[in-house]
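In our numbering, the protein residues as written are 10 to 511.
A quick write-up on the structure given underneath.
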Amino acid sequence: MRIELPTRISTAKTLIFAAGLVCVQQLEHTSLVFSLFFFAFIMLGNFAFNAGGGFSRVSGAYVFLFTVLTAGLGVTWKAVLGEPADSNLLVPQLDMAIYAASNFALLVVILINKRLTGRSQGIAPGNIDYTLAALGCLVLGLLQSYLNSLGLGGPGSALSIVNQLSEFFPLAIILGTIGAIRDSGGRRSFNFVSLASISLIFIGSMLAFTKQGMFEPLACWVMAAAFTRFKLRPLHYVVLTVVVVGSYVIFPLIAEGRTRVSPNATASERAAVVIDILTHLDKAKRDDAETAAYIVASEGKSGYYNTPQGFIERLSILSADDAFFNYTDKGHYIGFRPIIEDYENFIPHILLPDKPFPIGGNYYAREIGGILAPDDDSTGISFSPMAEAFHVDGWIGIFFVMPAIWLSLLASLDYLCGDLRRSPWGLLIVVYLAHSAAESLLASLIWMSVYGNLGLILAIFFCTHFAPVVGAFFYGGSRNPAGDAAPVPYDHLSLSLPRPRS
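Given below as structure tokens:
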């Protein structure tokens, strides 16, 4: 079987799924209003995904990840557990009404974006030496890490700008994987560059106790393999199963290690905590189970569910948004101040030393109350962009503010990246969206529409003009990869479409 990402999901099958889920929810005593809003949310997401070109465009990928990770997966899992979908929520009908309205607004944005960007093929050539480009990214990533270790990345420095715009190691994984597959004619998907980059990201993420970072290498590999339509073999299924199951059990335990170290802990102190967790997994599991049991005993639930669901609880933002919607619905609107400050934050620090710092999830969590302890600086609280948009100005935020920000982001990304089946530059954006599509405030979308696009342009230029030169220098000269000596049919390695005319 080849790894392929869908460019279209059958509307008829989606209709059957959504209608069937509504029936199951009614048997589980879910409010009919909630179920109908959820039905609309799913169907509007399907319409928007197909209109956006599915995973052939960044906008289509955003729709899929947004719909699945805000409520699609979480509500479906409630049905599997036999729990009413609207249980353990403060304002369930308002929640799903806002979600359905947001997907309607997103559908309108996708249709407008389609007229604006048309069939843009992106701004970069698709044919480069991916392996040399990946090697160049790896070298520059190591140099960047070394300079940061010397303390040269302070606010206002040139290195701080590079830190905000660059993603050298993830690019090295994506380009290295594509290079390995093409160089080998589809026989292997790893090379030294991709393995080194995977190791560096994974180890660094463990020391930072971040689940997102630990999953990032797998996401990069999957996107690169899908770009080349890589054919999986039995060994790949075994390895992927071990990785997924292991990550489901182990990654959350490692992430909890952040509560055992101070923010200023050294790398050796962090490594000692990680090693202790890995060598005492049974104890870590017991501690985690005791904490979960205490939460259930004191609150009568575990977030959105009646019982702890482990990692699956992180794959839905509904419970957090519910508390935010409930707070806002009582008349606590913040106005447009956060949006204005988000745009003011684009002014370089050297020109505006006292520029406002963007409001984050922890600020809102403390404003709502009951979510985050006043002295807890180790936990990061996330909300969806819908939650902040509603907090800005109610339904005005949902139908006008958020769509305007969406349009500026998705139109620019689609124009720059083009067709993701022909050019790999948007794959890094999709990897980023796998986490941020559902768990980002408006500030993140605004930042991405400006600095994210600037970083993407620089990454494209760097990977097509500079990284191959750096890679060739460290490689010892130009290469004649096996894929060039014995070309593999284009539709076998990338996609069943003719090559663009030169």
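All C-beta atoms, glycine included, are put in the ideal place defined by N, C-alpha and C.
The structure displayed is predicted, hence computed values, not measured ones.
In the structure shown, Lys292 falls within a helical segment according to DSSP collapsed to helix, strand and coil.
When C-beta atoms of the region 253-260 are compared with those of the region 454-463, fewer than three pairs fall below 8 Å, so the two segments do not count as touching. Taking every protein chain shown into account, the CB of Trp404 has fewer than 16 other CB atoms within 10 angstroms, so this residue is exposed.
Inter-residue distance for Leu152 and Ala281 is about 26 Å (C-alpha atoms, whole angstroms). Taken atom to atom, the span from the alpha-carbon of Leu82 to that of Gly145 is near 38 Å. Non-local beta-carbon contacts of Ile119 in its own chain, meaning distances under 7 Å to residues more than five positions away in sequence, involve Ala57, Ala60, Gly61, Ser68 and Val72 in chain order.
If you ignore the 5 residues before and after Leu116, its C-beta comes within less than 6 Å of the C-beta of Leu53, Phe56 and Ala57, all in its own chain and listed in chain order. The residues Ala27 and Val31, in chain order, have a CB closer than 6 Å to that of Phe48 in the same chain once the five nearest residues on each side in sequence are set aside. Boundaries of the alpha helix (DSSP H) around Cys426: Met411 to Cys426. Residue Asp423 holds the alpha-carbon nearest to the alpha-carbon of Arg124 among Asp423, Ala109 and Ala332. One Cα belongs to Ala481, the other to Lys240, and the distance between them is close to 29 Å. Asp351 is classed as buried because its beta carbon has at least 16 other beta carbons within 10 Å across all chains shown. Around the CB of Leu327, 16 or more other CB atoms lie within 10 Å, so the residue is classed as buried. Considering only Leu324, His341 and Leu467, the residue with the shortest C-alpha distance to Ala446 is Leu324. No Cβ-Cβ contact shorter than 8 Å links Leu442 with Leu436.
Ile51 places its beta carbon less than 8 Å from that of Thr23. Distance from the Cα of Val248 is smallest, within the candidate group Val77, Ser154, Ser198 and Ser449, for Ser198. Contact between the region 188-197 and the region 164-173 is absent: fewer than three C-beta pairs spanning the two stretches fall below 8 Å.
For Lys123, the enclosing alpha helix (DSSP H) starts and ends at Pro101 to Thr126. Judged by pairs of C-beta atoms under 8 Å, the region 470-480 does not touch the region 398-417, as fewer than three such pairs exist.
The beta-carbon separation of Met215 and Met223, rounded to 6 Å, stays under the 8 Å limit for a contact.
In its chain, beyond the 5 residues on either side, Leu98, Leu99 and Asp104 have a beta carbon closer than 6 Å to the beta carbon of Asp331. If you draw a straight line from the Cα of Phe320 to the Cα of Gly485, it comes to about 45 Å.
In the structure shown, the three-state DSSP call for Lys240 is strand. Arg269 and Cys426 have their C-alpha atoms spaced approximately 41 Å apart. In this structure Val33 is in contact with Ala88, their Cβ atoms being roughly 5 Å apart against a cut-off of 8 Å.
Straight-line spacing of the CA atoms in Pro317 and Glu299 works out to 11 Å.
As the crow flies, the alpha-carbon of Pro367 is around 18 Å from that of Ile377. When C-alpha distances from Ala114 are compared across Ile407, Trp434 and Asp138, the shortest belongs to Ile407. Residues of the same chain with a CB within less than 8 Å of the CB of Gly344, apart from the 5 flanking positions on each side, are Val401 and Asp402 in chain order.
A Cβ-Cβ distance of about 4 Å is found for the pair Ala142 and Ala476, placing them in contact under the 8 Å criterion. The three-state secondary structure of Tyr484, taken from DSSP, is helix. If you draw a straight line from the Cα of Ile438 to the Cα of Arg196, it comes to about 27 Å. By the 16-neighbour rule on beta-carbons within 10 angstroms, Val42 is exposed.
In the structure shown, Tyr314 falls within a strand segment according to DSSP collapsed to helix, strand and coil.
Cα atoms of Leu360 and Leu419: separation of roughly 29 Å, rounded to the nearest angstrom.
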